[in-house]
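Chemist: Heads up: the sequence shown begins at 4 in our numbering, then just goes up one per residue.
Backbone N, C-alpha and C fix where the C-beta goes; we use that ideal spot for every residue, glycine too.
I'd like to ask you about the structure that follows.
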Amino acid sequence: MDIRYSTGPEDVKRYTTEELRKEFLITDLYQPDQVKATYSHVDRMVVVGIMPVHETVPVDKGIDIWKNFGTHFFFERREGGVFNLGGSGVILVDGTEYRMGFEDCLYISMGSKEVTFRSDDPENPARFYMVSAPAHKPCKTTFISFEQANKRPCGDGKTANKRVINQFIHPDVLETCQLCMGLTQLAEGSVWNTMPAHTHERRMEVYTYFNIPEGHAVFHMMGQPQQTRHMVVQNFDAIISPSWSIHAGCGTSNYTFIWAMGGENKEFDDMDEIAIPDMR
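Structure representation (structure tokens):
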């Protein structure tokens, strides 16, 4: 498991591009029949990529659970949200099968013991993207299809940010301890995923970008509002965003991204917007 320790804004002011990417960027999440996990000490969130091809892959494959979590199984004191970003597949949670199509989501409750992943077709494997947060009580493991997500159209083509926010793991959809997740789709011709940018001191956030056309990329903006930095990200890359940092992106084409949040509350609109003229 890759371990990322917390870094403050004063240090980031002096980071080179390479140091910035090493600290916040997560790449190569999907390796055949492997679990690729990154543990962030920012609110102790875990970002996981699982791409089963020829095997049924358990969630803890290759992870020393006691060393990394001090628990007996992955979800003993955690909850998680999983999106499928590839071909169709199945997640098995304590004997119950959940069939996962493209952009479907599964919320996995604290206390789930046996969790495995498999693909229907090794030629077109599923890509399971998971973010896990600490939890204090069990909720209900719940499947949310793309059609069942709470949809919030916003933005405008005139400002190149027309998009639909699809809320999946969200208080308006189901109960969780602290985890919130959703999927935002940008319309053709729109490239900004959020602007004006914002911070939320009470929560951290993780982005993962996908549906980026071949030959294109997204310029992800981060840092304090008056000390902004950027990273160029590719298809299926993820970004850790601490609470003190803005998190916005501009692509060379439209794209899709998944956001995951954890922290003091689950209020989606709890954010501190930064006026564009005030950014540096």
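Check for me: the beta strand (DSSP E) holding Phe-3 runs from which residue to which?
Modeler: Residue 3 lies beyond the residue range present for the chain, which begins at 4 and ends at 283; the question has no answer from this structure.
Chemist: Can you have a look at Trp-262 and say buried or exposed, based on whether 16 or more other CB atoms are within 10 angstroms of its CB?
Modeler: buried
Chemist: If contacts are defined as beta-carbon pairs under 8 Å, then Phe-86 and Tyr-33 qualify, I think. What distance do you get, rounded to the angstrom?
Modeler: Not a contact, Cβ separation roughly 12 Å.
Chemist: Are the Cβ atoms of Cys-253 and Val-221 separated by less than 8 Å?
Modeler: yes
Chemist: Check each candidate in Ile-249, Tyr-8 and Pro-245 and name the one with the smallest Cα separation from Gln-229.
Modeler: Gln-229 has its Cα closest to that of Ile-249, out of Ile-249, Tyr-8 and Pro-245.
Chemist: Find the nearest neighbour of Ala-295 within the set Glu-100, Val-118, Gly-92 and Asn-238, judged by alpha-carbon distance.
Modeler: In the structure as shown, the chain begins at 4 and stops at 283. Residue 295 is therefore absent and cannot be evaluated.
Chemist: Residues in its own chain within less than 7 Å of Arg-47 by CB, not counting five upstream and five downstream?
Modeler: Pro-137
Chemist: Would you check if the distance between the CB atom of Gly-265 and the CB atom of Met-207 is smaller than 8 Å?
Modeler: Result yes, Cβ atoms of Gly-265 and Met-207 sit closer than 8 Å.
Chemist: What beta strand (DSSP E) runs, 3 residues minimum, are completely inside the stretch 145-183?
Modeler: 145-147, 153-157 and 166-172
Chemist: Are the Cβ atoms of Val-194 and Asn-257 separated by less than 8 Å?
Modeler: Judged by their CB atoms, Val-194 and Asn-257 are nearer to each other than the 8 Å cut-off.
Chemist: Could you pull out every unbroken beta strand (DSSP E) segment of at least 3 residues lying fully inside the stretch 39-111, listed in chain order?
Modeler: 48-53, 81-87, 92-96, 99-103 and 108-111
Chemist: My output table needs one value for Glu-208: the three-state DSSP class, helix, strand or coil.
Modeler: strand
Chemist: Can you tell me the Cβ-Cβ gap for Phe-171 and Ile-147, rounded? I've got them flagged as a contact below 8 Å.
Modeler: Rounded, the Cβ-Cβ distance is 5 Å, consistent with contact.
Chemist: Given this structure, state the Cα-to-Cα distance separating Lys-140 from Thr-255, to the nearest angstrom.
Modeler: 42 Å
Chemist: Pair every Cβ in the stretch 160-168 with every Cβ in the stretch 106-123, then say whether three or more of these pairs are closer than 8 Å.
Modeler: no
Chemist: Where does Gln-239 fall in DSSP's three states?
Modeler: The sequence given here has Phe at residue 239, not Gln. DSSP places Phe-239 in coil when its eight states are reduced to three.
Chemist: What residue range is occupied by the uninterrupted alpha helix (DSSP H) comprising Arg-24?
Modeler: Counting along the chain, the alpha helix (DSSP H) containing Arg-24 begins and ends at 20-27.
Chemist: Are the CB atoms of Ala-40 and Ile-66 nearer to each other than 8 Å?
Modeler: yes
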